[in-house]
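In my numbering, the protein residues as written are 137 to 756. In this text, a Cβ means the ideal position worked out from N, Cα and C, and glycines have one as well. No experiment lies behind these values; they were computed from the predicted model shown.
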């Protein structure tokens with residue numbers, strides 16, 4: 137497609153205001169590269185932090201909960217992760233061990249062995265580098281999420297080594313990361329998460345009586361640098377990125393402003409945060425990034441903000457809390473009984489506050505905590521997922537939060553673009569978005585199907601933002617929807633920017649059926665109808681040109697003509713019959729960032745204007 141056509145489409149969809157602000161930011165970077173002295177014009181002046189008592193964490197109750205509620209396997213895993221973190225081996229992206237060495241090399245990418253130059257200004261360091269790889273790998277250690285692991289392990293064992301690792305690594309980071317230099321000052325969101333994690337961990341160690349005045353001074357130094365960075369670069373997050381970065385940086389702004397007695401900035405941050413929550417969350421609970429991973433990140437940020445209201449003297453508005461409640465409830469209704477959710481949208485493995493022993497793909501902690509802090513009630517029965525609520529409620533008595541324990545039912549989240557159909561042993565989630573902001577993936581009319589806890593028809597995920605393979609997973613060929621040879625649903629510019637957004641036209645959507653049309657700017661339409669009857673799902677597809685219907689599955693596949701049997705761990709889980717010609721392909725799925733596995737893909741041929749009927753039946 138001609139570049140002028142791409143630019144015209146981007147300007148139309150993203151808006152002139154966004155384009156102008158993005159151009160101004162690019163000019164800022166170029167100016168600083170050409171004339172480094174101009175950086176001072178963009179820097180904000182901040183007062184030095186004078187107080188740290190922001191978070192109210194009942195360490196005694198938290199310690200009792202960890203010792204009582206975690207089973208022996210959870211305890212062993214927590215101790216093992218903390219022991220490795222003491223030696224510079226940190227669990228990155230919630231799934232892979234990254235060895236940064238000891239002492240930690242804060243500029244190293246363990247996956248490539250390459251590092252950034254700490255003597256270079258942040259604006260001279262690219263996000264993606266052919267030799268070094270994705271800068272996110274470097275950032276993982278400096279996000280300090282592992283400090284929470286050290287604090288939790290200390291509460292479990294009283295082993296002083298975990299406190300000493302926290303104290304040493306914090307001071308070492310400050311010694312080796314002068315303000316404005318190296319990879320770790322490129323991103324305001326990273327600064328926000330870094331200082332918040334450090335302050336949370338410090339609060340626990342201080343509550344246990346082991347943190348020193350020297351530790352407090354280090355935390356103040358860290359907040360001083362990170363708060364300054366957030367303020368100096370906030371316009372980029374606010375006016376250009378417009379996603380979870382904005383919420384994270386406002387959370388960091390609230391933390392920094394309170395610590396620095398900056399009442400004016402504190403009030404501004406709260407006012408802006410109410411505005412951003414209203415902008416980024418739909419009334420029915422959807423999130424503007426069309427991603428469950430980033431929805432969780434944003435909700436954890438907001439949990440953190442709600443937890444400090446008593447100290448700051450400010451609260452999120454009732455309207456914001458209503459949206460947070462609806463967002464938690466939407467995630468609840470899109471959650472499988474296995475505690476997992478569909479691998480919907482961009483997934484970079486972020487679990488910024490790992491304050492429970494639930495696995496990365498267990499969404500109970502954030503759903504329960506966000507709902508509890510916005511309503512005063514819990515959604516789940518007692519369990520280890522409640523630890524996150526103790527961290528962010530400051531309340532040792534969980535009995536004060538009544539447990540609602542609602543049922544999961546077929547739901548239509550029209551603004552969010554998500555629809556669920558539920559049966560006794562299976563359920564489906566269908567995506568049909570009326571885009572109001574940048575899409576994450578080309579996944580219109582994708583169907584996710586779960587049977588007895590198995591994600592039978594799955595989303596391929598993300599894998600990597602910095603690789604060709606990762607970009608391929610964005611396209612509709614990696615989703616359970618239609619594929620037209622030589623065409624994608626939308627256009628992709630660079631690693632993130634999707635343009636020529638599809639349009640939708642909804643038909644009948646109720647507890648047993650779904651119907652919608654996807655209109656692609658690339659010259660075709662796709663109509664999909666889904667009807668649940670008994671233990672079967674009937675899927676009818678009709679595309680205006682020759683096409684293939686794709687169904688990705690992690691199950692073992694046996695094809696006999698137009699009949700397909702899917703098995704999971706030796707047990708037959710469903711039978712698929714289709715009117716089209718079937719071809720079995722190999723594909724990839726990524727459940728965790730930078731991890732992938734080979735899966736199967738059913739490709740069913742269809743002709744222009746003719747329906748392809750697919751019936752999926754539970755069991756044999």
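Item	Value
Name the DSSP beta bridge partners of residue 714, please?	750
Buried or exposed: which applies to residue 499, given that a residue is buried once 16 or more other Cβ atoms fall within 10 Å of its Cβ?	buried
Thinking C-alpha only, which one of 296, 327, 612 and 733 is nearest residue 683?	612
How about the segment 202 to 222 and the segment 282 to 297: do they share at least three Cβ pairs that are nearer than 8 angstroms?	yes
Leaving aside the five residues before and after residue 433 along the sequence, list all residues of the same chain whose C-beta is less than 7 angstroms from its C-beta, in chain order.	380, 486 and 488
Are at least three pairs of beta-carbons, each pair with one atom in the segment 316 to 327 and one in the segment 143 to 163, less than 8 angstroms apart?	no
At the level of alpha carbons, what is the spacing between residue 188 and residue 349?	11 angstroms
May I ask which residues mark the beginning and end of the alpha helix (DSSP H) holding residue 655?	Residue 655 -> not in any alpha helix (DSSP H); beta strand (DSSP E) instead, spanning 649 to 656.
Given this structure, state the Cα-to-Cα distance separating residue 506 from residue 525, to the nearest angstrom.	8 angstroms
Where do the N-terminal and C-terminal ends of the alpha helix (DSSP H) with residue 508 fall, by residue?	500 to 511
Can you tell me the Cα-Cα spacing of residue 492 and residue 435, whole angstroms?	15 angstroms
Might you give, ordered along the chain, the residues of its own chain that have their beta carbon closer than 7 angstroms to the beta carbon of residue 263, omitting 5 neighbours on each side?	271
Considering only their Cβ atoms, is the gap separating residue 693 from residue 702 smaller than 8 angstroms?	yes
Starting from the Cα of residue 200, find the closest Cα among 174, 293, 177 and 277 and give me that residue.	293
May I ask you to verify whether the segment 410 to 425 touches the segment 544 to 552, counting CB pairs closer than 8 angstroms and requiring at least 3?	yes
If we count the other Cβ atoms within 10 Å of its Cβ and call it buried at 16 or more, is residue 455 buried or exposed?	exposed
Quick one: what does DSSP say residue 282 is sitting in, helix, strand or coil?	helix
Using the three-state DSSP reduction, which class does residue 323 fall into: helix, strand or coil?	coil
Please report the straight-line C-alpha distance between residue 290 and residue 340, rounded to a whole angstrom.	9 angstroms
I'd like the ranges of any alpha helix (DSSP H) spanning at least 4 consecutive residues and lying wholly in the segment 382 to 438.	399 to 416
How would you call residue 170, buried or exposed, if buried means at least 16 neighbouring beta carbons within 10 angstroms?	exposed
When the Cα atoms are used, what is the spatial distance from residue 723 to residue 479?	15 angstroms
Of all the options 667, 482 and 689, which has the alpha carbon lying nearest to the alpha carbon of residue 429?	482
Give the straight-line distance between the Cα atoms of residue 180 and residue 369, rounded to the nearest whole angstrom.	9 angstroms
Any chance you could list the alpha helix (DSSP H) runs of at least 4 consecutive residues sitting entirely within the segment 211 to 278, in chain order?	271 to 278
What are the boundary residues of the beta strand (DSSP E) that residue 645 is part of?	639 to 645
So what's residue 156 in DSSP terms, helix, strand or just coil?	helix
Span of the beta strand (DSSP E) holding residue 627?	627 to 629
Taking the alpha carbon of residue 412 as the point to measure from, which residue in 587, 394, 390 and 382 has its own alpha carbon closest?	382
Leaving aside the five residues before and after residue 667 along the sequence, list all residues of the same chain whose C-beta is less than 6 angstroms from its C-beta, in chain order.	649 and 674
Ignore the nearest five residues each way along the sequence and tell me which others in residue 644's own chain have a CB closer than 8 angstroms to its CB.	650 and 651
Hey, which unbroken runs of the alpha helix (DSSP H) at 4 residues or more fall wholly within the segment 157 to 210?	175 to 178 and 195 to 205
With C-beta atoms as the reference, is residue 603 less than 8 angstroms away from residue 426?	no
Quick check on residue 517: does DSSP put it in helix, strand or coil?	coil
Assuming residue 356 and residue 185 form a contact by the criterion Cβ under 8 angstroms, report the distance between their Cβ atoms to the nearest whole angstrom.	4 angstroms
I think residue 720 touches residue 738, with their Cβ atoms under 8 angstroms apart; what is that distance to the nearest whole Å?	6 angstroms
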